[in-house]
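To convert a position in the sequence shown, counted from 1, into the numbering used here, add 21. Take a look at the structure set out below.
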Amino acid sequence: MTALVEILMTSIRYALGYYFSFAFPALTLVILLVGLILAMRELREQNGGYMTYTEGLSLGVQMFAIIGLLDTTYTMVYTAFIDPDVVVKTLAQTRDFMEGFNVPDEQLEKYDEQMDALADQQKKGVSGISFITGILGWIFWGFLLSLLVSAFMSRKKTNPFD
């Protein structure tokens, strides 16, 4: 369910033209944290009110692996078929943001060179490496968030005979 909400948020962000924005990633983080907390709470209820740190961490990593698979697949399809110019639009908004903060011209030129290379690579198509990197990125962030949330959500049995 969290993956579908993430995909919906991505779609809304692109539809509204917010390719580079701080608000949507923050909202996405809140949604992911709520989804993770709800999943861990459900696991804890299924285990009679108990969940070890390792169980919570494992659940979170698995959850983010699934989210990563679905979201990365959606993003690849979106950038390949629905809006192939999304990368160019994102780069343009990022550059506008940088100009708004009076970034020196030499740094903007360096950014332009790097982004032109990225845009050229995007035009060639999405590679399997990009797909795997996307999923691994989700798993990495899921691991970090799960470390934090599991620390607060874990509850060990106090009676070893239960």
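For every residue, glycine included, the Cβ atom is placed at its ideal position computed from N, Cα and C.
Under the DSSP assignment, G158 falls in the alpha helix (DSSP H) whose first and last residues are G149 to M174.
Contact fails between the segment 45-63 and the segment 107-126, because fewer than three Cβ pairs, one in each stretch, are under 8 angstroms apart. Per DSSP, reduced to three states, the secondary structure at M97 is helical. Under the three-state reduction of DSSP output, M72 falls in the strand class. The residue among Y71, L53 and T94 with its C-alpha nearest the C-alpha of F85 is L53.
Here D141 is exposed, its C-beta having fewer than 16 other C-beta atoms within 10 Å. By the 16-neighbour rule on beta-carbons within 10 angstroms, G81 is buried.
With fewer than 16 other CB atoms across the displayed protein chains lying within 10 angstroms of its CB, A101 is exposed. If you draw a straight line from the Cα of F122 to the Cα of I153, it comes to about 34 angstroms. Residue nearest to I160 within the set S148, L78 and F173 is L78 (criterion: CA-CA distance).
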